[in-house]
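Number of protein chains: 2
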Amino acid sequence: MTLFSFELLHQDSQTSARAGVIHTPHGDIPTPVFAPVGTQATVKTLTPVDLRELRATLILANTYHLYLRPGAELIADFGGLHQFMQWDGPILTDSGGFQVFSLSGLRDIDDTGVTFRSHIDGSKHRFTPERVIEIEEQLGADIIMAFDECPPPGDYDYNVQALARTHRWAERCKAAQRRPDQALYGIVQGGIFPELRVQSAEFLGALDFPGYSIGGLSVGETKAQMHAILEVLHPVLPAHKPRYLMGVGSPEDLFECVARGVDQFDCVLPTRIARNGAVFTHQGRINLRNARFATDKAPIEPDCQCYTCRTFSLAYLRHLVIAKETLALRLATIHNLHFMLETMRRIRQSIFDGTFAQYRQDFLANYRAVPEHKRGQRNLS
Amino acid sequence: MTLFSFELLHQDSQTSARAGVIHTPHGDIPTPVFAPVGTQATVKTLTPVDLRELRATLILANTYHLYLRPGAELIADFGGLHQFMQWDGPILTDSGGFQVFSLSGLRDIDDTGVTFRSHIDGSKHRFTPERVIEIEEQLGADIIMAFDECPPPGDYDYNVQALARTHRWAERCKAAQRRPDQALYGIVQGGIFPELRVQSAEFLGALDFPGYSIGGLSVGETKAQMHAILEVLHPVLPAHKPRYLMGVGSPEDLFECVARGVDQFDCVLPTRIARNGAVFTHQGRINLRNARFATDKAPIEPDCQCYTCRTFSLAYLRHLVIAKETLALRLATIHNLHFMLETMRRIRQSIFDGTFAQYRQDFLANYRAVPEHKRGQRNLS
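So, in structure tokens, the structure goes:
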């Protein structure tokens, strides 16, 4: 796997935060990194030019969605996702496991794989570890995921059973991989149970994957449970492999999870809330629809360097939202992704500078997070 | 009106086509010109940067819509539309007459003005010529329209009556104008009746407006009737004033109406059909939804220099449309506006080169227009 490597450049002395760089065939990814989500081969409302301007270094696409529509063969015929969507930077695909287990209706799981129905037209499909790797090789992302089973995080018996299957499937995914230019990550499961997580990290660690995902979090457990799992995993996961916390997170999650050793994130939050008119500020989320912005000449944040804040007033943005103009979605998406990407760039710099702990404290003291009981579920689309 | 002037630079020898330039406080507008429509202070899906890249030189905004939402006082408080929407090029506002007469439900017309109900919340409002000019001065566009009555084009008695009112209102609008940095156009009405149109052009011509609009066309009459009216008006309208055909048109309309002396156009067609997945080609409109594009690696048009065609395949664009991704709207809008603006730039150059008649013939021989009976009505939004 000479085309892919991870360099751990610096470790924070006060926390478990790590700074590094992932080398891929489509460019370097400084870590820790936040990946915008482009489920259907498009980060909603944005062009590749927009993503470059935002200095995104990694985007995620969803195997389940692209397999169903437009189809992996079609994308392969274009030379892969990079060519199809005209994004020449690094791409990561998930394995579709999460969607198959949560999004599709009828499904039938056995040790060989999963039969499920499309959420689009109800048609019947089957994913096996070998088939998923074949699809991910057709899509051609730089980083691909093993096919895993995603049980509810609090069901111990189910997690024990699912973990055994996930481990067997991880071995089969590894054996099925043919392309040398894709990095296949193993996915650590085990719900909220520390002993299962450790068992999973040790089993997968022995298989020597080039990177490790932490799956099944941010799907219903509490933040405290998520943090506890990360703390348990930190010393067990191979230190010189990147660690990817799937489907997380919010701005406060970036700080809390980087502090616990996470290198890689993805989340639909910044793009999804943008479509509801909600935007991040350093004091917390605000909604552009709010009447108090009707005459406000200030930008969302005065110091923000994103195109939206450099150009438009809150009053104009509110007008677009109220008038149901789709430009509002794009401008809010640009701001929210800039907020996440810029925050992550600052986090990384603070790790090198030895000021991460202080930055984390300052950020979290100002940022009013959405209360835990109002948190949504992880991305289903 | 030293801030606004029109230079007639060249007249075609074979047709009535004219090439010139309109000078405004926010820049020059080479004519003939096509103006993208930004009803609610946004050309749908596009930023000002996008419009600059498309080399748009004039955009239209709607007085009726902006008066209702977000309100003209608010926009005035920002220093006008240019500042509010951050477009620093020339802007034109219509007078709201067309919308009041066609869009709003309850309305009550008398010689003083029109009382109508908002299409948004049913609230009651009143437009008079003086009030409309006050609103247009608050909005602060470079080119503003007199308040006119817009009767159905085929109703002779109504057109006679409405024309008298439109003429009195034109005088009152002129008297009400206070700002010296806006060019107020008179609007020629008279339906499909040549004698009424001539009477209107002569009456308004005597009032010495800096420009003349031709209203009430493309609202139900045939193309032949529209062409006949333009031919009648050509020798009657002041030669050294710009002529603006409101709410027109399609690609073929550009050629047919430029050939009949029109300098200025606006139409929602390119932006509206984009939102249905339809795009212009030199052979006619195509719909991106069409299954025949599912695996097509070519762009919409191989020679097109727009961002969409330089970047994406038909297959990818179709995928975005089918997957209901809003990026599809933006990419189709960029292509369609580029098609209209670039066609108009070529028309203008061909007038200077003496090749307009040939270009018109070649274009129309290839372009399969939408049949007349399938044509939609003029913009209501």
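Going down the list, the protein sequences come from chains Z and Y. For the first sequence, numbering that gives the first Met the number 0 begins at 0 and goes up steadily by one. For the second sequence, numbering that gives the first Met the number 0 begins at 0 and goes up steadily by one. Cβ atoms here follow ideal geometry from the backbone N, Cα and C, with glycine treated the same way.
{"Asked": "Identify which residue in Q10(Z), R116(Z), I143(Z), S15(Z) has its Cα closest to the Cα of T62(Z).", "Found": "I143(Z)"}
{"Asked": "If you reduce the DSSP assignment to three classes, tell me which class K123(Z) lands in.", "Found": "strand"}
{"Asked": "Label P31(Z) either buried or exposed according to how many other C-beta atoms from any shown protein chain fall within 10 Å of its C-beta, with 16 as the threshold for buried.", "Found": "buried"}
{"Asked": "For N289(Y), which three-state DSSP category applies?", "Found": "coil"}
{"Asked": "Out of A182(Y), L236(Y), A227(Y), R167(Y), which has the shortest C-alpha to C-alpha gap to F192(Y)?", "Found": "A227(Y)"}
{"Asked": "Just to confirm the assignment, what range does the beta strand (DSSP E) spanning L59(Y) have?", "Found": "58-60"}
{"Asked": "Would P69(Z) pass as an interface residue toward chain Y - the criterion being a Cβ-Cβ separation below 8 Å?", "Found": "yes"}
{"Asked": "So, helix, strand or coil for A297(Z), using DSSP?", "Found": "coil"}
{"Asked": "Go ahead and pull the three-state DSSP assignment for A258(Z).", "Found": "coil"}
{"Asked": "Out of curiosity, what's the CA-to-CA distance linking Q82(Y) and T294(Z)?", "Found": "13 Å"}
{"Asked": "Would you mind telling me which residues of chain Y sit closer than 9 Å to I328(Z), beta carbon to beta carbon, in chain order?", "Found": "A quick correction: the sequence has Leu, not Ile, at residue 328(Z). Those are T325, listed as they occur along chain Y."}
{"Asked": "Confirm, please, whether the CB-CB distance from E194(Z) to V235(Z) is below 8 Å.", "Found": "no"}
{"Asked": "Buried or exposed for V131(Y), going by 16 or more other Cβ atoms inside 10 Å?", "Found": "buried"}
{"Asked": "Does the pairing of the segment 34-46 of chain Z with the segment 286-300 of chain Y give three or more beta-carbon distances under 8 Å?", "Found": "no"}
{"Asked": "Using DSSP with H/G/I as helix, E/B as strand and the rest coil, what is I402(Z)?", "Found": "Since the first residue shown for chain Z is 0 and the last is 380, residue 402(Z) is missing from the structure and cannot be characterised."}
{"Asked": "Compare the Cα-Cα distances from Y155(Z) to each of E135(Z), Q188(Z), T127(Z) and report the closest residue.", "Found": "Q188(Z)"}
{"Asked": "Alpha carbon to alpha carbon, how far is T14(Z) from G353(Z)?", "Found": "10 Å"}
{"Asked": "Tell me whether M0(Z) is buried or exposed, calling it buried when 16 or more other Cβ atoms sit within 10 Å of its Cβ.", "Found": "Interpretation of M0(Z) is limited by its pLDDT of 43, a score under 50 that renders its predicted location unreliable; the figure taken from the coordinates is listed afterwards. So M0(Z) ends up on the exposed side."}
{"Asked": "Take L67(Z) as the anchor and find which of S117(Z), E52(Z), T41(Z) has the nearest alpha-carbon.", "Found": "S117(Z)"}
{"Asked": "Taking just the CA atoms, how far does L287(Z) sit from L57(Y)?", "Found": "29 Å"}
{"Asked": "Run through DSSP, which three-state label would R171(Y) get?", "Found": "helix"}
{"Asked": "Taking the beta carbon of F383(Y) as the centre, do at least 16 other beta carbons fall within 10 Å, making it buried, or is it exposed?", "Found": "In the structure displayed, chain Y extends from 0 to 380; residue 383(Y) sits before or after that span and is not available."}
{"Asked": "For the segment 334-348 of chain Y against the segment 42-54 of chain Y, do three or more pairs of beta-carbon atoms, one drawn from each stretch, fall closer than 8 Å, so that the two count as touching?", "Found": "yes"}
{"Asked": "Which one of D302(Z), D262(Z), E251(Z) has the shortest CA to CA distance from V369(Z)?", "Found": "E251(Z)"}
{"Asked": "Which residue marks the beginning of the beta strand (DSSP E) containing G210(Y), and which one marks its end?", "Found": "210-213"}
{"Asked": "Would a check of beta-carbon distances place K296(Y) closer than 8 Å to chain Z?", "Found": "yes"}
{"Asked": "Taking V48(Z) as part of the alpha helix (DSSP H), name the residues at either end of that continuous run.", "Found": "47-52"}
{"Asked": "Straight-line CA distance for L91(Y) to A60(Y)?", "Found": "6 Å"}
{"Asked": "Use the C-beta contact count for V278(Y): other C-beta atoms within 10 angstroms, 16 or more gives buried, fewer gives exposed.", "Found": "buried"}
{"Asked": "Count the other CB atoms, across all protein chains shown, that sit within 10 Å of the CB of V218(Z); report buried if there are 16 or more and exposed otherwise.", "Found": "buried"}
{"Asked": "Exposed or buried, which one is K240(Y) when buried takes at least 16 other CB atoms within 10 Å?", "Found": "buried"}
{"Asked": "Specify the secondary structure class of A34(Z) as computed by DSSP and reduced to three states.", "Found": "strand"}
{"Asked": "Count the CB pairs spanning the segment 175-182 of chain Y and the segment 97-116 of chain Y that are closer than 8 Å, and state whether there are at least three.", "Found": "no"}
{"Asked": "Counting along the chain, where does the alpha helix (DSSP H) carrying E371(Y) start and finish?", "Found": "Note, E371(Y): premise wrong, no alpha helix (DSSP H); not H, not E."}
{"Asked": "Helix, strand or coil: how does DSSP classify P29(Y) here?", "Found": "strand"}
{"Asked": "Helix, strand or coil for Y66(Z) per DSSP?", "Found": "helix"}
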